[in-house]
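Here the UniProt record's numbering is used: position 360 in the sequence shown is 360, and no number is missing along the way.
So the structure is just underneath, and the comments pick up after that.
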Amino acid sequence: MALAYAWNRYNISTGGLKINWSLLGSNVRIASHENYHSSINTPGYEGEYTFSTSGLTAINGRNLQVGGTYYQIPYNNLRATRQVVKVNNVSTGGDLLADLYEARYTDIVTGGQSQGSYVGQVTSASRSAYPDNAVSGGYWYVYAGTVNVNTAPTTPGAFTQPTGKMNGGETVSIAWGPSSDADGNQITYFPEYRYYKNGVAQTWTALVNSTSLTRTLTLLSDDTIDKVDFRVRAFDGSAYSGYRNSTIFNVEHNSIPTVSLTAPSDNQTLYENDTLNIAGNAHDADPDQSVTAYYQINNEQRKVLATNLSQTQIALSKQLTFKGGKLYDGETVITGDLADGVAHTLKVWAEDSEKATSAIIERAFYVVPNRAPLLTVDAVVPSGVVDMDKFTINGNASDQDANSNVTVTRRINAGNSVEIYNGPGGAWEFEVSLAQLVVGQNTIIIEVVDNYGAKTSKTIKLNKNEIKTPILQSVARYKIEPPKGSAKGVLLWIQRDEGLQISAELSMTLKGEQELYVPLSANSTDPVYEGVVEDEFYHETLEPKDNIILKLTTTRANTNIDNKIYLIMGVLE
């Protein structure tokens, strides 16, 4: 805000002279006057005077008012200089009284002008810009003292957009630098533009006024328009700044290409292996130009969609595949990882060889990347002491997306992967025999894979310790497979060290039945060669059996003896 001088401004009233009076006495009563006239608007004959005292009362019905009383006297009783006018003090009966009181006028306004109705207040930085209680320029001015007045905002900054040449029909961006206001008021910008037709400037046209520093304008496709320029001023709610003018820009009339899309639809959601189909047309009406259509995903590098000559309907077609969280054009990846739950943008536009660019068509799309399946492994409890012993490993597999089957495999050390489950998800298990493990550390890898190749794996590490403890007795079982599938009788010969004690048992049952062992007694024991003997055993059942198992229990006297079995042979019937 700035300090300024202020005057109240009034319209001018015309009519008789105005006289300001001051009484030299008191209790003045004004009675009728022989020269009283009712008309007060006849300049040069009548005047009006004002008593500045109060308490006057009307006598004989004359027009006297308390506080600013007007009473008319002949003009010829007045002079151009200040004087004393004697007024008779009369009684209510109209008779003259001997006492006279004097009243003196203090000011005369000549020319038939006086202060009229209030118009408004004006300000100036100069104290002498307007008169005090006088007429100037058709108004009556009364000095009102000093006031604070609004400071106009500064002229807006230079234009930063547009730049270069422009094309008819093109939408251009308009931008300028900010204005400032010393009073801290909010600034509104009033931009305008002006065309030139065949070099002749046309009238200014207003753009939308707002607080923003930018606007857009779609230029007319009129061949007679060859130039355009812009200007803007700032307004703080009370005062305007000066205008900021742009340079004058040339306008060319190369037709802008057009693009239309029939696919994809807006807000499409892509799942694993889904395709984003781009389909539509591009066209440019100008002759002898080439047109290139582009597409772009988010802020990735733009890609060429199609290229052809102008005045040709250019078909647009492209299939992008979503897999592994990315979009692929065939086998070429064209995006980084696309986030789930975020709107992604496809942009398609065309550009001709004169650099005229079509409007950009945008489509939003979403993705749901395939998630790796889930795999759990229950606590592993190894058991057993000999290679024939087994223990079970189990767990559960599932697919988070519920859009495919899962396959679970296991691999022991460097062995091949073996499938242990295939299905929509559920429990799995497999057995491990001690014979499959090596002495020392063993690694068992369990892996689950969905239809799209997403994997999850778990690794189990087990230590197998070799305990070599000499034993005096051992048990061995032998599965006997009858050549004919079944047999009723078994004849056995077992060659052994003579010092090795042996007992034989035989189970002959049907498959699926529980094993049932019968002790065998040797029919004979004969020497084979020095220190080695041969035992003969025989057993027969009532009907043929197909599940035949021989169990031999051997015993040595002490750990220093290394006796053994050399041969087991037999005949089935």
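Think of the CB as a built atom: it goes at the ideal place given N, C-alpha and C, for glycine as much as any other residue.
Keep in mind that this is a model prediction, so the values were computed, not measured.
Compare the Cα-Cα distances from threonine 123 to each of Pro373, Val142, Leu510 and Gly116 and report the closest residue.
Sequence index remark: in the sequence shown, residue 123 carries index 123 (1-based). Answer by Cα proximity: Val142.
Using a Cβ-Cβ cut-off of 7 Å (strictly less than) and excluding sequence neighbours within five positions of threonine 459, which residues of its own chain qualify?
Within the sequence shown, the letter at position 459 stands for residue 459. Contacts found: Thr443 and Ile445.
Counting only the same chain and skipping the five closest in sequence on each side, list residues whose C-beta sits under 6 Å from that of isoleucine 360.
Numbered from its first residue, the sequence shown carries residue 360 at position 360. Here the set comprises Lys347 and Trp349.
DSSP puts residue 658 in a beta bridge; with which residues?
In the structure as shown, the chain begins at 1 and stops at 573. Residue 658 is therefore absent and cannot be evaluated.
Given a threshold of 16 other Cβ atoms within 10 Å of its Cβ, counted over all protein chains shown, does lysine 455 qualify as buried or as exposed?
In the sequence shown, the residue the question calls residue 455 occupies position 455. Exposed, since its Cβ has fewer than 16 Cβ neighbours within 10 Å.
Segment limits, beta strand (DSSP E) that includes isoleucine 225:
Walking along the sequence shown from the start, residue 225 turns up at place 225. Looking at the DSSP string, the run of the beta strand (DSSP E) that includes isoleucine 225 is 225–235.
On the criterion of 16 or more Cβ atoms from any shown chain inside 10 Å, does valine 571 qualify as buried, or is it exposed?
Along the sequence shown, one-based indexing puts residue 571 at 571. It counts as exposed.
Have a look at phenylalanine 230 and arginine 194 and give me their C-alpha separation to the nearest angstrom.
On the sequence shown, residue 230 is found 230 positions in, with the first residue counted as 1. On the sequence shown, residue 194 is found 194 positions in, with the first residue counted as 1. Roughly 6 Å between the two C-alpha positions.
Start and end residues, beta strand (DSSP E) containing lysine 165
As a working note, residue 165 is residue 165 in the sequence shown. That residue, lysine 165, is in no beta strand (DSSP E); it is neither H nor E in DSSP.
Going by the CB atoms, is the gap between arginine 215 and residue 602 shorter than 8 Å?
Outside the shown range of the chain, which is 1 to 573, sits residue 602, and nothing can be said about it.
Shortest alpha-carbon distance to threonine 151 belongs to which of Ala239, Thr469 and Asp226?
Counting from 1 along the sequence shown, the entry for residue 151 is found at position 151. Residue Ala239 holds the alpha-carbon nearest to the alpha-carbon of threonine 151 among Ala239, Thr469 and Asp226.
Nearest to glutamate 573 by CA position, among Gly384, Thr555, Thr554 and Lys545, is which residue?
In the sequence shown, the residue the question calls residue 573 occupies position 573. Checking every option, the nearest Cα to that of glutamate 573 belongs to Lys545.
CB contact flag (isoleucine 278, proline 287, <8 Å)
Reading the sequence shown from its first residue, position 278 is the one you call residue 278. Reading the sequence shown from its first residue, position 287 is the one you call residue 287. Result no, Cβ atoms of isoleucine 278 and proline 287 do not sit closer than 8 Å.
Could you work out which residue in Met388, Lys355 and Ala343 is closest to tyrosine 366 when comparing CA atoms only?
Working through the sequence shown from its first residue, we reach residue 366 at position 366. Ranked by how close their Cα comes to the Cα of tyrosine 366, the residues Met388, Lys355 and Ala343 have Ala343 in first place.
Taking Cβ to Cβ, would you say glutamine 311 is nearer than 8 Å to alanine 285?
Here residue 311 corresponds to residue number 311 of the sequence shown, with the count starting at 1. Here residue 285 corresponds to residue number 285 of the sequence shown, with the count starting at 1. The answer is yes: Cβ separation under 8 Å.
One or two residues paired with leucine 3 in a DSSP bridge:
To locate residue 3, count along the sequence shown from 1; it is residue 3. According to DSSP, leucine 3 bridges with Asn148.
Take serine 126 as the anchor and find which of Arg410, Ser507, Ala6 and Leu552 has the nearest alpha-carbon.
As a working mapping, residue 126 is identified with position 126 in the sequence shown. Considering only Arg410, Ser507, Ala6 and Leu552, the residue with the shortest C-alpha distance to serine 126 is Ala6.
Buried or exposed: which applies to arginine 302, given that a residue is buried once 16 or more other Cβ atoms fall within 10 Å of its Cβ?
Within the sequence shown, the letter at position 302 stands for residue 302. Arginine 302 comes out exposed.
Kindly give me the distance between the Cβ atoms of glutamine 473 and threonine 525, rounded to whole angstroms, as I take these residues to be in contact under 8 Å.
If you number the sequence shown from 1, residue 473 lands on position 473. If you number the sequence shown from 1, residue 525 lands on position 525. The C-beta distance from glutamine 473 to threonine 525 rounds to 20 Å, too long to fall under 8 Å, and the pair is not in contact.
Coil, strand or helix - alanine 435 by DSSP:
Locating residue 435 in the sequence shown gives position 435, counting from the first residue. Alanine 435: helix per DSSP, three-state reduction.
Go ahead and pull the three-state DSSP assignment for proline 544.
Within the sequence shown, residue 544 is the residue found at index 544, counting from 1. In the structure shown, proline 544 adopts extended strand secondary structure according to DSSP, grouped into three states.
How about alanine 234 and serine 179: are their beta carbons less than 8 Å apart?
Numbered from 1 along the sequence shown, position 234 holds the residue referred to as residue 234. Numbered from 1 along the sequence shown, position 179 holds the residue referred to as residue 179. Yes, Cβ-Cβ distance for alanine 234 and serine 179 is below 8 Å.
If you draw a straight line from the C-alpha of valine 380 to the C-alpha of asparagine 394, how long is it?
As a first step, residue 380 must be located in the sequence shown, where it is residue number 380. As a first step, residue 394 must be located in the sequence shown, where it is residue number 394. About 8 Å.
Find the nearest neighbour of alanine 158 within the set Val333, Ser521, Val304 and Gly242, judged by alpha-carbon distance.
Here residue 158 refers to the residue found at position 158 when the sequence shown is read from its first residue. Ranking Val333, Ser521, Val304 and Gly242 by Cα distance to alanine 158 puts Gly242 first.
Beta carbon of lysine 464 nearer than 8 Å to that of valine 432
Working through the sequence shown from its first residue, we reach residue 464 at position 464. Working through the sequence shown from its first residue, we reach residue 432 at position 432. No, Cβ-Cβ distance for lysine 464 and valine 432 is not below 8 Å.
What residues match up with valine 490 in a beta bridge as DSSP calls it?
Locating residue 490 in the sequence shown gives position 490, where the first residue counts as 1. DSSP output for valine 490 lists His539 and Leu572 as bridge partner(s).
Among the candidates Leu327, Asn254, Thr407 and Ala356, whose CA atom is the shortest distance from the CA of leucine 374?
Position 374 of the sequence shown, counted from the start, is the residue given in the question as residue 374. Among Leu327, Asn254, Thr407 and Ala356, the Cα nearest to that of leucine 374 is on Thr407.
Asparagine 254 and glutamate 354: beta carbons closer than 8 Å?
Here residue 254 refers to the residue found at position 254 when the sequence shown is read from its first residue. Here residue 354 refers to the residue found at position 354 when the sequence shown is read from its first residue. Their beta carbons are under 8 Å apart, which means asparagine 254 touches glutamate 354 by this criterion.
Which complete beta strand (DSSP E) runs does the stretch 269–335 hold, if anything under 3 residues is left out?
Within the stretch 269–335, the complete beta strand (DSSP E) segments at least 3 residues long are 275–283, 290–297, 303–309, 314–323 and 326–329, listed from N- to C-terminus.
Exposure label - asparagine 547; buried when at least 16 CB within 10 Å:
On the sequence shown, residue 547 is found 547 positions in, with the first residue counted as 1. When all chains shown are included, asparagine 547 counts as buried.
Name the residue from Val149, Thr154 and Trp176 whose alpha carbon lies nearest to the alpha carbon of proline 162.
Here residue 162 is taken as the residue at index 162 of the sequence shown, counted from 1. The residue with the shortest Cα to Cα distance from proline 162 is Trp176.
Contact under 8 Å by Cβ, leucine 219 with valine 251
Position 219 of the sequence shown, counting from 1, holds the residue named residue 219. Position 251 of the sequence shown, counting from 1, holds the residue named residue 251. Using a Cβ distance threshold of 8 Å, leucine 219 and valine 251 count as a contacting pair.
Give the range of the beta strand (DSSP E) segment to which lysine 511 is assigned.
Mapped onto the sequence shown, residue 511 falls at position 511. Counting along the chain, lysine 511 falls outside any beta strand (DSSP E), and DSSP gives it neither H nor E.
Identify whether glutamine 400 lies in helix, strand or coil by the three-state DSSP scheme.
As a first step, residue 400 is located in the sequence shown; it is residue number 400 there, counting from the start. In this structure, glutamine 400 counts as coil in the three-state DSSP scheme.
From glutamine 514 to arginine 411, what distance separates their C-alpha atoms?
Numbered from its first residue, the sequence shown carries residue 514 at position 514. Numbered from its first residue, the sequence shown carries residue 411 at position 411. In a straight line, the C-alpha of glutamine 514 is about 33 Å away from that of arginine 411.
Exposed or buried, what is alanine 397 when buried is set at 16 or more other beta-carbons lying within 10 Å of its beta-carbon?
Locating residue 397 in the sequence shown gives position 397, where the first residue counts as 1. Here alanine 397 is buried: its Cβ has 16 or more other Cβ atoms, across all protein chains shown, within 10 Å.
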